[in-house]
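2 protein chains.
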Amino acid sequence: MTTLMVADDHPLFRDAIGAVIAAGLPGTRLLEADSLARAMQEVERHEEVLDLLLLDLNLPDAEGLDGLSRLRDAYPALPVAILSAEQDRRTVLAAIEMGAVGYIPKSTPRGDLLAALRQLLGGQLYLPPQVMRRPPPAHPAPAVTAAPPDSRLARLTGKQLEVFELLSRGASNKGIARELDVAETTVKTHVSAILRKLGVASRVQAILLAGELDLARYRADRRSD
Amino acid sequence: MTTLMVADDHPLFRDAIGAVIAAGLPGTRLLEADSLARAMQEVERHEEVLDLLLLDLNLPDAEGLDGLSRLRDAYPALPVAILSAEQDRRTVLAAIEMGAVGYIPKSTPRGDLLAALRQLLGGQLYLPPQVMRRPPPAHPAPAVTAAPPDSRLARLTGKQLEVFELLSRGASNKGIARELDVAETTVKTHVSAILRKLGVASRVQAILLAGELDLARYRADRRSD
DNA sequence: GACGCCCTCCTCCCTTGGGAGGAGGGCCCT
DNA sequence: AGGGCCCTCCTCCCAAGGGAGGAGGGCGTC
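Read top to bottom, the protein sequences are chains A and B.
Counting along the first sequence from 1, when you hit position 16 you're at -4 in our numbering, and nothing is skipped either side.
Counting along the second sequence from 1, when you hit position 176 you're at 156 in our numbering, and nothing is skipped either side.
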């Protein structure tokens, strides 16, 4: 089952989102929060099953992108999309650079909203059409499309990638140690570093992430450089 | 990296297999064993990275399918393919029913052998063409193509499937307990049963298996029954 | 009604996983 | 020569995972 959460302080708006989802994404559970604090409480309780958090930028206890920042710090692996009335180009790009997986203007038509949600739940980035169409005038779009997916992998060192490969195939720390002929404590050090760099909390999460990231292809690419 | 093992008591034959693999599956590591006992020793050491074991049916310490039986008992999750001079139809079917993922006659031409190995490493079943072409005369092919992949899932009870779904999405036992509103000990009971029925040793292995088994589709199918 | 299966939950016990913190050696670059 | 990064390994500590074994209640079948 798909679970998503909307954090917005306007009950009517939450209801509207709920209606759109009920109509267009049947079987989806919607959690609601009217403040960042309450949102984080809910995330704490449902983190494992939460697929996407829609975050308003005008919550009473979070000014602008500050709320996103705090969420990213607390739950680096949780997909967060911004849902906002503002459409300022720099705000959108800043949100993406802070790790948001999407930015949905509140003015988005019903049909487009559904498409955006489906796209986000499918693991794709979503940006408002205006931003997508018109590449930035000054800078050449600082890592909006390319960097997010594999930037995390790029931060891994060579040995860490080796460990990650074995880890993602289900090997235990002990098994990895045997395979690479190092001490198990060394493997644990590598694993800790990998989890930290990937922003996940357990090897299980790392394995799921490896599936999404197409680790095998990345390693092949890197080797052929 | 792909790792496979050949267990055969003829050194020359092992060499021949090695040559075929070196030529057709570059980057593949080949482990060798000249007896079932030695094979099991090697499996013990490399289980996490071993992708396929090619088992001869005429090993000095294993008569016919007995070796397969012992391997299946000890390592239910290890893919084992039979490599044999015999081509008796009943032997082939018996091997598949015992959980072998394939049966390769030693008379298989070089090119076909490579194709068979690729197919097996890709997770597909491989049977000698004679058997594949001509369906059994008496019985209607007792579960050769359909049963092996999902028979394990079919053994799970309803609650176990629910737990498996959450587990496969990375949820911890505690998270599953919250989500299903039962005690964590109950979840542990379910998880133990799931691991046993799937023939895997850890939740991590179960998650990887879920990816191969297309769990989501299975659940949908079962619900729509 | 007795049996079996499922779901629930418990205790006891051990292994594995992961974090914190420290430490030494190799290698590269300035 | 010094600094920085990587790899290696250690100890101490705690949380999570998993097995063994037992137990009670619900529900359907024979």
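Note that beta-carbon positions come from the ideal geometry of N, C-alpha and C, so glycine has one too.
Is DSSP giving residue 20 of chain A helix, strand or coil here?
-> Residue numbering aside, residue 20 of chain A sits at position 40 when the first sequence is read from its first letter. Of the three classes helix, strand and coil, the one that applies to residue 20 of chain A here is helix, per DSSP.
If you check the beta carbons only, do residue 206 of chain B and residue 151 of chain B fall under 9 Å apart?
-> There is no way to answer for residue 206 of chain B, as the model of chain B reaches only from -19 to 205.
What residues in its chain sit with their C-beta under 7 Å from that of residue 41 of chain B, if we drop five residues either side in the sequence?
-> Looking up residue 41 of chain B in the second sequence gives position 61. The residues are 15, 16, 17.
Sort B:28, B:182, B:82 by Cα distance to residue -19 of chain B and report the nearest one.
-> Residue mapping note: residue -19 of chain B aligns to position 1 of the second sequence, counting from 1. When each option's Cα is compared against that of residue -19 of chain B, the closest is B:28.
Going by other Cβ atoms of all chains shown within 10 Å of its Cβ, with 16 needed for buried, is residue 65 of chain B buried or exposed?
-> Residue numbering aside, residue 65 of chain B sits at position 85 when the second sequence is read from its first letter. So residue 65 of chain B counts as exposed.
Please confirm if residue 101 of chain A has its CB atom under 9 Å from at least one CB of chain B.
-> Counting from 1 along the first sequence, the entry for residue 101 of chain A is found at position 121. Closer than 9 Å: no.
List the DSSP bridge partners of residue 36 of chain A.
-> Residue mapping note: residue 36 of chain A aligns to position 56 of the first sequence, counting from 1. A:63, per the DSSP bridge assignment.
For chain A, is any of its Cβ atoms less than 9 Å away from the one on residue 184 of chain B?
-> Here residue 184 of chain B refers to the residue found at position 204 when the second sequence is read from its first residue. Yes, residue 184 of chain B lies at the interface with chain A (some Cβ there is under 9 Å from its Cβ).
Using a Cβ cut-off of 9 Å, pull out every chain A residue sitting near residue 43 of chain B, in sequence order please.
-> Within the second sequence, the letter at position 63 stands for residue 43 of chain B. Near residue 43 of chain B there are no residues of chain A at all, since even the closest Cβ is about 31 Å away, more than 9 Å.
DSSP three-state call for residue -14 of chain A: helix, strand or coil?
-> As a first step, residue -14 of chain A must be located in the first sequence, where it is residue number 6. Here residue -14 of chain A sits in strand by DSSP.
Compare the C-alpha of residue 141 of chain B against each of B:108, B:31, B:178 and name the closest.
-> Residue numbering aside, residue 141 of chain B sits at position 161 when the second sequence is read from its first letter. Ranking B:108, B:31, B:178 by Cα distance to residue 141 of chain B puts B:178 first.
Report yes if the C-beta distance between residue 187 of chain A and residue 143 of chain A is below 9 Å; otherwise report no.
-> Along the first sequence, one-based indexing puts residue 187 of chain A at 207. Along the first sequence, one-based indexing puts residue 143 of chain A at 163. No, these two residues do not count as a Cβ contact at 9 Å.
Looking at chain A, which residues of the stretch 15 to 40 of chain B have a Cβ within less than 8 Å of any of its Cβ atoms?
-> 25, 26, 27, 28, 29
Starting from residue 172 of chain A, find everything on chain B with Cβ-Cβ shorter than 7 Å and list it in chain order.
-> Indexing the first sequence from 1 puts residue 172 of chain A at position 192. None at all; the shortest Cβ gap to chain B is about 17 Å.
Exposed or buried, which one is residue 155 of chain B when buried takes at least 16 other CB atoms within 10 Å?
-> Translated into the one-based positions of the second sequence, residue 155 of chain B becomes position 175. Classification for residue 155 of chain B: buried.
For residue 5 of chain A and chain B, any beta-carbon pair shorter than 9 Å?
-> The residue you call residue 5 of chain A lines up with position 25 of the first sequence. No, no contact with chain B.
What does residue 98 of chain B reach in chain A if we use C-beta pairs closer than 8 Å?
-> Position 118 of the second sequence, counted from the first residue, corresponds to residue 98 of chain B. Simply none; closest approach about 16 Å.
So, using beta-carbon positions, are residue 32 of chain A and residue 81 of chain A closer together than 9 Å?
-> The residue you call residue 32 of chain A lines up with position 52 of the first sequence. The residue you call residue 81 of chain A lines up with position 101 of the first sequence. Yes. Within cutoff.
Inter-residue spacing [alpha-carbon to alpha-carbon] between residue 94 of chain B and residue 180 of chain B = Here residue 94 of chain B refers to the residue found at position 114 of the second sequence. Here residue 180 of chain B refers to the residue found at position 200 of the second sequence. When rounded, the distance between both Cα atoms is 28 Å.
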